[in-house]
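Chains as they are written, first to last, in our numbering: chain A, 1 to 232; chain B, 233 to 1087.
Beneath this line is the structure, given in structure tokens, with notes to follow.
In structure tokens, the structure reads:
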């Protein structure tokens, strides 16, 4: 049980659409163990992004229990959840979500700076070099291509050595070549850092690279299966 | 769980303990400060307006001090109808102050060239009077020659009237003086106005040799004192006060003279205070509006920071630091700019008016500007920026995620302070908490009315929606009430801007009217006196023939007081703690009429007519101030000595008199029907601007009516006129400057609305809307907003302006419809222009870029 980093029990999320309640996530339960990877797939509007947001502590469920690294996220306030994210979580987004006013190096350093750590630029530079951006330290996001921005985002995600990495369509805005490179990087770094990977994607090919796939439809978890990778 | 909470609390840092937020503020700011351009512009214009206005206010007060000193010629003037006793000199001697003296009396002089005689005010001078201002003479050494005792000087108008040159001589009493020259300007003009006679000047030492001062002669003595500071003046007054009552003399200070310069100046000060307050409020609105835009622009960045672990306060602090630092810099730049504007006024306007404006740098105004800027930066940043704390991290996944309403103690604290701020700021500017509160209530009422009009407009547009109109027209109109519309916000903001700008214009017009009326074309500057009743019609005809206006023709009767409230003057004089002697024993010049003049206002009692059948119905009115000096109130009785005939009267009313305006003015005014048969002379007043006309008129007068004296008040009015000219200029300039601040705020308000329209316009563009169609939709929508906001703002300004002129400035309400229409057109144009400018950004941005971002 101590290896479980993420535990979702009967998660439900309801929004108000005008006057009417709209359930976008309905009684979803699953868990993830340290060092494993899983993909959440499903058509648009199936609730997969909502689920990712809840699991990462970006939002709170309407009901159900959500535990991340042993912290009951729905009992915490937003600032405390932010602290948990900073300590244990990494993110990669479809739109990269870099801070446009910071250089690549500064973007990567921010999570550790938030922790109050010193002398972090060496580590950040090493990570940027690992993702192939050794000559792009002082470039601003607008001066980088989409693929390069996503590499910076990867370096930022891994600099805290997160226990769990959430990736939302990480290759959704990239061309095939860049998508391939980023996929390789995510999985390589995931293995090296022994990070748990939670991946949301439409891309079945990408999903098959994880060990487990959760299929969502209409806000419900309709199928769960292990992939060939897990079997092997 | 407890362990976890303790762990979390350990890392919570405040703004000063968290170097990361400072580092992030710098990193974000170095690339991004241009985004705060509107904030900086609003703050700089607001603060520079406040500093420039305050500096000008202080400068004007100094200018007024200087003018008041020049009008008085000294720091303190003692007046008596008896020679000053040695007690006074010994008091003044111990304080080692510089003194000058004069004695004046009515006397006949003979002009030796024509052997004509004339009643003049003879002034005998000793010492270096004036201590402030200058005695302008022609030739310039005339004053020095006069001091030798063998020469005399006279007012320019008198010399001109009798064609006296420096070769001529005049006989004063038994002594003949050679003419040293003419006096063109002399400080201490107050004496001239009260005596209503042209003056001849000799030295005090020479007065005795004229043989004019004998037992029973009515001589007025003045002692001019120059002190080293106002504190010394006050100390000296404290020391001479006991003597004043004992010996019987009055005194006048610069402060008293300054206070007496008229209602127009008080209004100008109040206008400055209002301008500074308005500039500050506009700056505050600009700051809040621009920070609101900035916070919205930073929403995505904050969501990312929140996602990777920043707390809400940390995110808030990053932008707060940026804005605060920029606020301090902006305040300093604004203060500097205010000083530059203030200092440049004399240079900018030098060519237009040949006046000397002495504007020293006011460090007090600069300090106030920086402190105000810092307060405004903090206070008006808190409310819009506090939303940053509550940006949900989920926004990184869903850009349109709405977290709903949130409760924040900081938000309510900021709202409380913001409500309090204008009250305190207005109270500081106007030196009255009540006025401050009323200003703020006025603003709140204006805001409420603007919001009501906006709601009413929305209702009307929905109710009478033109369903058959073209798509563009319908779409633009429906933009006003569709979800997320900003109609109310924009109408309130634009309307408030229009309201403030228009109100300033209305007040400016009303004040300038007042100033022009006081110091301008309508005011009399030439007084004719000693007109015998038989000459009255002839003199009036002569004035009209020039042609000059006949402003006043009033009868004057000289009298003294015999009794006050049933107590004889002699008995009152014995009471040393009672009324000053000069007020009891002086000669009063009174007139009779049943109405008020334009320079008078009845503040107590009423004007009562005289009924010959009732002996107890002589009700006179008394001027405000003198009723306090004589300790009289409405209903009190008094007895006048009308050249030997006692006349019992009662105080029927108290008049507030604007003394410099339209002379002659009177302390006592009788009703008609009482004094018509008393020995009297007439005084007429007119306005002469052209010196050649003045000379021609004076010569004609001396030929036809040699006994009629003429006094040219231009000598005195020139000082007051100069001051009013400066004030009028400053009022116009400052109003213009505040209007510029208002325009910056308007620009901010309209720019703020671009976020709402951005996505809609991009969607329309995506489905095929042409540039011209989008532009037309934008122009029509903003045109509506501009028209209704400007119209409402201007209507409100007429109401607000009327209230302010009546109750705050105490001047007559006046406005220029063309200027108001121009302001309205300007507001509409600016609203439409900025709306169009915003849409340009949408049109030039590829739709996909916006849609992806909104995704």
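Even for Gly, the Cβ is constructed at its ideal location relative to N, Cα and C.
Is the beta carbon of residue i less than 8 Å from the beta carbon of residue j?
i: residue 475 (chain B); j: residue 308 (chain B); result: no
i: residue 881 (chain B); j: residue 850 (chain B); result: yes
i: residue 283 (chain B); j: residue 597 (chain B); result: yes
i: residue 291 (chain B); j: residue 594 (chain B); result: yes
i: residue 55 (chain A); j: residue 66 (chain A); result: yes
i: residue 842 (chain B); j: residue 899 (chain B); result: no
i: residue 393 (chain B); j: residue 931 (chain B); result: yes
i: residue 563 (chain B); j: residue 606 (chain B); result: yes
i: residue 275 (chain B); j: residue 608 (chain B); result: yes
i: residue 1013 (chain B); j: residue 682 (chain B); result: no
i: residue 796 (chain B); j: residue 864 (chain B); result: yes
i: residue 206 (chain A); j: residue 183 (chain A); result: yes
i: residue 1011 (chain B); j: residue 1056 (chain B); result: no
i: residue 455 (chain B); j: residue 560 (chain B); result: no
With a threshold of 6 Å on Cβ separation, who are the neighbours of residue i within its own chain once the five nearest residues in sequence on each side are excluded?
i: residue 345 (chain B); result: 400
i: residue 443 (chain B); result: 405 and 406
i: residue 3 (chain A); result: 33 and 34
i: residue 427 (chain B); result: Only weak support exists for where residue 427 (chain B) lies, its pLDDT of 41 falling under 50; the coordinates are left without a value.
i: residue 252 (chain B); result: none
i: residue 233 (chain A); result: There is simply no residue 233 (chain A) to check, as chain A begins at 1 and stops at 232 in what is shown.
i: residue 554 (chain B); result: 257 and 261
i: residue 228 (chain A); result: none
Leaving out the 5 sequence neighbours to the left and right, which residues in its chain are closer than 7 Å to residue i when beta-carbon positions are compared?
i: residue 109 (chain A); result: 120, 121 and 124
i: residue 234 (chain B); result: Residue placement at residue 234 (chain B) is poorly supported in this model, since its pLDDT is 38, which falls under 50; the coordinates still yield a value, given next. Result list for residue 234 (chain B): empty, nothing under 7 Å.
i: residue 1091 (chain B); result: The displayed coordinates of chain B run from 233 to 1087. Any statement about residue 1091 (chain B) would go beyond what the structure contains.
i: residue 221 (chain A); result: 28, 30 and 214
i: residue 647 (chain B); result: 615
i: residue 459 (chain B); result: 307, 308, 329, 465 and 468
i: residue 885 (chain B); result: 834, 836, 837, 838, 839, 853 and 866
i: residue 302 (chain B); result: 364, 365, 419 and 951
i: residue 724 (chain B); result: 679, 682, 683 and 686
i: residue 693 (chain B); result: 709, 712 and 713
Identify the contact partners of residue i in chain A, using a Cβ-Cβ distance below 8 Å as the criterion.
i: residue 533 (chain B); result: 99, 100 and 101
i: residue 540 (chain B); result: 85, 86, 91, 110, 111, 114 and 156
i: residue 593 (chain B); result: Near residue 593 (chain B) there are no residues of chain A at all, since even the closest Cβ is about 39 Å away, more than 8 Å.
i: residue 577 (chain B); result: Those within 8 Å of residue 577 (chain B) in chain A number zero; the least Cβ separation is about 41 Å.
i: residue 1068 (chain B); result: Result: empty, since nearest Cβ-Cβ is about 27 Å, beyond 8 Å.
Using a Cβ cut-off of 9 Å, pull out every chain B residue sitting near residue i, in sequence order please.
i: residue 49 (chain A); result: 629 and 630
Can you pull the chain A neighbours of residue i, defined as C-beta to C-beta under 9 Å?
i: residue 625 (chain B); result: 53, 56, 57, 58, 59, 78, 81, 82 and 85
i: residue 650 (chain B); result: In chain order: nothing, as chain A lies at least about 26 Å away.
i: residue 263 (chain B); result: 100, 101, 102 and 140
i: residue 1034 (chain B); result: Near residue 1034 (chain B) there are no residues of chain A at all, since even the closest Cβ is about 47 Å away, more than 9 Å.
I believe residue i touches residue j by the beta-carbon criterion, under 8 Å. Please report the beta-carbon distance rounded to the nearest angstrom.
i: residue 877 (chain B); j: residue 836 (chain B); result: At roughly 28 Å, the Cβ-Cβ gap does not stay under 8 Å, so residue 877 (chain B) and residue 836 (chain B) are not in contact.
i: residue 685 (chain B); j: residue 1024 (chain B); result: 5 Å
i: residue 824 (chain B); j: residue 901 (chain B); result: 7 Å
i: residue 873 (chain B); j: residue 818 (chain B); result: In fact, because the Cβ distance is near 12 Å, the residues do not count as touching under 8 Å.
i: residue 25 (chain A); j: residue 50 (chain A); result: 5 Å
i: residue 675 (chain B); j: residue 522 (chain B); result: The Cβ separation is near 20 Å, so there is no contact.
Would you mind telling me which residues of chain A sit closer than 7 Å to residue i, beta carbon to beta carbon, in chain order?
i: residue 543 (chain B); result: 79 and 82
i: residue 528 (chain B); result: By Cβ distance, chain A contributes nothing, its closest Cβ being about 15 Å from residue 528 (chain B), past 7 Å.
i: residue 259 (chain B); result: 101, 102 and 106
Determine the chain B residues that contact residue i at a beta-carbon separation under 7 Å, and present them in chain order.
i: residue 168 (chain A); result: 629
Leaving out the 5 sequence neighbours to the left and right, which residues in its chain are closer than 8 Å to residue i when beta-carbon positions are compared?
i: residue 61 (chain A); result: 11, 12, 13, 25, 54 and 74
Count the C-beta pairs between the segment 129-141 of chain A and the segment 91-104 of chain A that are closer than 8 Å, then say yes if the count reaches three, no if not.
-> yes
Do the segment 915-925 of chain B and the segment 775-794 of chain B meet, that is, are 3 or more Cβ pairs less than 8 Å apart?
-> With contact defined as three or more Cβ pairs closer than 8 Å, the segment 915-925 of chain B and the segment 775-794 of chain B are in contact.
Are there three or more Cβ pairs, one per stretch, closer than 8 Å when the segment 538-547 of chain B is compared with the segment 505-517 of chain B?
-> no
If you pair each beta-carbon of the segment 81-94 of chain A with each one of the segment 148-159 of chain A, do three or more pairs fall below 8 Å?
-> Counting C-beta pairs closer than 8 Å gives three or more between the segment 81-94 of chain A and the segment 148-159 of chain A, which meets the contact rule.
The segment 734-742 of chain B contacting the segment 1022-1042 of chain B, beta-carbon criterion three pairs below 8 Å = A contact exists between the segment 734-742 of chain B and the segment 1022-1042 of chain B.
Inspect the CB distances between the segment 1035-1046 of chain B and the segment 1001-1008 of chain B and report whether three or more fall short of 8 Å.
-> no
Report yes or no: do the segment 544-564 of chain B and the segment 613-623 of chain B share at least 3 C-beta pairs separated by less than 8 Å?
-> The segment 544-564 of chain B is in contact with the segment 613-623 of chain B.
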